[in-house]
Amino acid sequence: NAAAFFDTETEAHALHVTWKLNDRASLKSITGYREMDSRDGQDLDGSDTSFLESLREYTVEQFSQELQLVGSSDRLNYVLGLYYYEDEGVNLRVQQLANATTQRIGNAYLDNSNKAVFGQIDYRLSSLDALSLSLGARYTEERKRMSRFLQTFTGGTGSFALFNPAPTLVVPELSFNDTSMMFSVGYR
Numbered sequence: 013n014a015a016a017f018f019d020t021e022t023e024a025h026a027l028h029v030t031w032k033l034n035d036r037a038s039l040k041s042i043t044g045y046r047e048m049d050s051r052d053g054q055d056l057d058g059s060d061t062s063f064l065e066s067l068r069e070y071t072v073e074q075f076s077q078e079l080q081l082v083g084s085s086d087r088l089n090y091v092l093g094l095y096y097y098e099d100e101g102v103n104l105r106v107q108q109l110a111n112a113t114t115q116r117i118g119n120a121y122l123d124n125s126n127k128a129v130f131g132q133i134d135y136r137l138s139s140l141d142a143l144s145l146s147l148g149a150r151y152t153e154e155r156k157r158m159s160r161f162l163q164t165f166t167g168g169t170g171s172f173a174l175f176n177p178a179p180t181l182v183v184p185e186l187s188f189n190d191t192s193m194m195f196s197v198g199y200r
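All you need for this note's numbering is the position in the sequence shown, starting with 1, plus 12.
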């Protein structure tokens, strides 16, 4: 019966930069990166016997980038932008049952991305300075991929360890897009 453990290392970085183009407009860049490596082992039955144990290793990397053109005039404020996001992850897992007579392997491999273009305009009416109209739109394209390796061994394998074979199940890629609109009237 192995002792339970949990070990995670996370690294995250963000960078926000603004360039002033003139007195009324600026360009913003928002960049993010995150990486996580996690490993754990669990004694799921809570007994002194190796009846139900689990090992898991999870690694993920994420990256995002957003660019915004932000500006204003006497009665108009606006933002126009581009957005990009991607992540990749690998989850390796093995479970041991009944003192290593049965092992179940369930690995997952993820690869996702998202792209968008967006904008919003806020306009204050000249006749009623407290009244403003806002109009916005966003177009998004997203892609999701996942593949799996699933296998159960009966009779034991002689080893209780993680391994990373080629995927046996590839889920069809999911791709979709969406356009959303926004209109509002504000009073302040």
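Where a beta carbon is used, it is the ideal one built from N, C-alpha and C, also for glycine.
All of these numbers come straight from a predicted model, not from anything done at the bench.
Subject >> Best match in L33, D60, Y45, Y199 for proximity to A16 [C-alpha to C-alpha] >> reply: For this step, residue 16 is matched to residue 4 along the sequence shown. With distances taken between Cα atoms, A16 lies closest to D60.
**OP:** Determine the closest residue to E154 out of R160, N124, Y135, with distance taken between C-alpha atoms.
**Re:** Start at 1 with the first residue of the sequence shown, and residue 154 comes out as number 142. Comparing Cα-Cα distances from E154 to each of R160, N124, Y135, the minimum goes to N124.
Original post:
Under 8 Å, do S66 and Y96 count as touching if we go by C-beta distance?
Top reply: Stepping through the sequence shown from its first residue, residue 66 is reached at position 54. Stepping through the sequence shown from its first residue, residue 96 is reached at position 84. It is not a contact, given that the beta carbons lie outside the stated cut-off.
Subject >> Three-pair Cβ contact test at 8 Å for the stretch 81-96 versus the stretch 33-51 >> reply: yes
Original post:
Given T22, which residues of its chain have a CB within under 6 Å of its CB, disregarding the five upstream and five downstream residues?
Top reply: Numbered from 1 along the sequence shown, position 10 holds the residue referred to as residue 22. Around T22: M48.
**OP:** Measure the Cβ-Cβ separation of D19 and R51 and say whether it is below 8 Å.
**Re:** By 1-based counting over the sequence shown, the position of residue 19 is 7. By 1-based counting over the sequence shown, the position of residue 51 is 39. It is a contact, given that the beta carbons lie within the stated cut-off.
Original post:
Is any heavy atom in the ligand ZN found nearer than 7 Å to the beta carbon of G83?
Top reply: Questions concerning the ligand ZN fall outside what the structure shown contains, since it holds no ligand whatsoever.
Original post:
Does DSSP classify N189 as helix, strand or coil?
Top reply: Walking along the sequence shown from the start, residue 189 turns up at place 177. The answer is strand: DSSP assigns N189 an E or B state.
Subject >> Neighbourhood of F130 by C-beta, 6 Å cutoff - its chain only, sequence neighbours within 5 removed >> reply: Position 118 of the sequence shown, counted from the first residue, corresponds to residue 130. Closer than 6 Å at the Cβ level, and outside the excluded window around F130, lie G93, R150.
Original post:
Roughly how many angstroms separate the alpha carbons of V102 and V72, rounded to a whole number?
Top reply: Mapped onto the sequence shown, residue 102 falls at position 90. Mapped onto the sequence shown, residue 72 falls at position 60. Whole-angstrom Cα-Cα distance: 6 Å.
Original post:
Opposite R150 in the DSSP bridges: which residues?
Top reply: To locate residue 150, count along the sequence shown from 1; it is residue 138. Paired residue(s): F130, S192.
Original post:
Mind checking V182: buried by the 16 CB within 10 Å criterion, or exposed?
Top reply: Taking the first residue of the sequence shown as position 1, residue 182 is located at position 170. Exposed, because fewer than 16 other Cβ atoms sit within 10 Å of the Cβ of V182.
Original post:
How close, in whole Å, do the beta carbons of T114 and F63 come, if the pair is a contact with beta carbons under 8 Å?
Top reply: Here residue 114 refers to the residue found at position 102 when the sequence shown is read from its first residue. Here residue 63 refers to the residue found at position 51 when the sequence shown is read from its first residue. With 8 Å as the limit, T114 and F63 do not qualify as a contact, their Cβ atoms being about 11 Å apart.
Subject >> Close-in-space but distant-in-sequence residues of the same chain around G198 (CB under 6 Å, 5 per side omitted) >> reply: Counting from one through the sequence shown, the residue named residue 198 turns up at place 186. Closer than 6 Å at Cβ, skipping near neighbours: S144.
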